[in-house]
């Protein structure tokens, strides 16, 4: 992942930006993955103050979570419903989330359909919490 500031062509430093697909936080009822993402996204900016985060969600269901606010977090609402965003990503591989957010890395706390530029960084979080609802799945 990005761990230091990069130099722009003109020699000035630029803070690395991570776009976070936060659509899982806009659900009416958060799943285990959404709950895990909530706690991670609430703490992560405070642990990595040298990074800038852009939390993305769709305008269809705006997220109002003041406890996610931090000096290095910027909310970015995409002006389309999530289903339309998913359809265009699957059909035409656009819009590219990293370019929409002007980010070097995209973080997916839950698996979503996304399009990225070829050289963009991608970080994903995988969690299997099925045992919480169905303990018989534990082997």
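Residue numbers (the working numbering): -2 to 136. Backbone N, C-alpha and C fix where the C-beta goes; we use that ideal spot for every residue, glycine too.
Run of the alpha helix (DSSP H) containing residue i, from where it starts to where it stops
{"i": "residue 85", "result": "79 to 89"}
{"i": "residue 35", "result": "29 to 44"}
Contacting residues, own chain, Cβ-Cβ under 8 angstroms from residue i (five flanking each side not counted)
{"i": "residue 113", "result": "93, 94, 95, 103, 119"}
{"i": "residue 129", "result": "29"}
{"i": "residue 43", "result": "67"}
Simplified DSSP state of residue i, which is helix, strand or coil
{"i": "residue 121", "result": "strand"}
{"i": "residue 72", "result": "strand"}
{"i": "residue 135", "result": "coil"}
{"i": "residue 11", "result": "strand"}
{"i": "residue 129", "result": "helix"}
{"i": "residue 67", "result": "coil"}
Limits of the unbroken beta strand (DSSP E) element including residue i
{"i": "residue 47", "result": "Neither: residue 47 is in no beta strand (DSSP E) and is coded neither H nor E."}
{"i": "residue 97", "result": "From DSSP, residue 97 is part of no beta strand (DSSP E) but of the alpha helix (DSSP H) over 94 to 97."}
{"i": "residue 17", "result": "14 to 18"}
{"i": "residue 111", "result": "That residue, residue 111, is in no beta strand (DSSP E); it is neither H nor E in DSSP."}
{"i": "residue 105", "result": "102 to 105"}
Nearest residue (CA-CA) to residue i, options the options
{"i": "residue 139", "options": "84, 80, 48, 63", "result": "Residue 139 is absent from the model: the chain starts at -2 and stops at 136."}
{"i": "residue 110", "options": "81, 22, 131", "result": "81"}
{"i": "residue 50", "options": "16, 83, 30", "result": "16"}
{"i": "residue 22", "options": "35, 71, 69", "result": "35"}
{"i": "residue 70", "options": "88, 123, 39", "result": "39"}
{"i": "residue 72", "options": "79, 55, 83", "result": "55"}
{"i": "residue 151", "options": "61, 41, 37, 45", "result": "Nothing about residue 151 can be reported from this structure: the residues present for the chain run from -2 to 136 only."}
Identified DSSP bridge partners for residue i
{"i": "residue 62", "result": "Paired residues: none, contrary to the question."}
{"i": "residue 52", "result": "17, 72"}
Own chain residues within Cβ distance below 6 angstroms of residue i, not counting five before or after
{"i": "residue 121", "result": "105"}
{"i": "residue 131", "result": "none"}
Same chain only: Cβ atoms within 7 angstroms of residue i, ignoring 5 sequence neighbours per side
{"i": "residue 99", "result": "14"}
{"i": "residue 65", "result": "38, 39, 52"}
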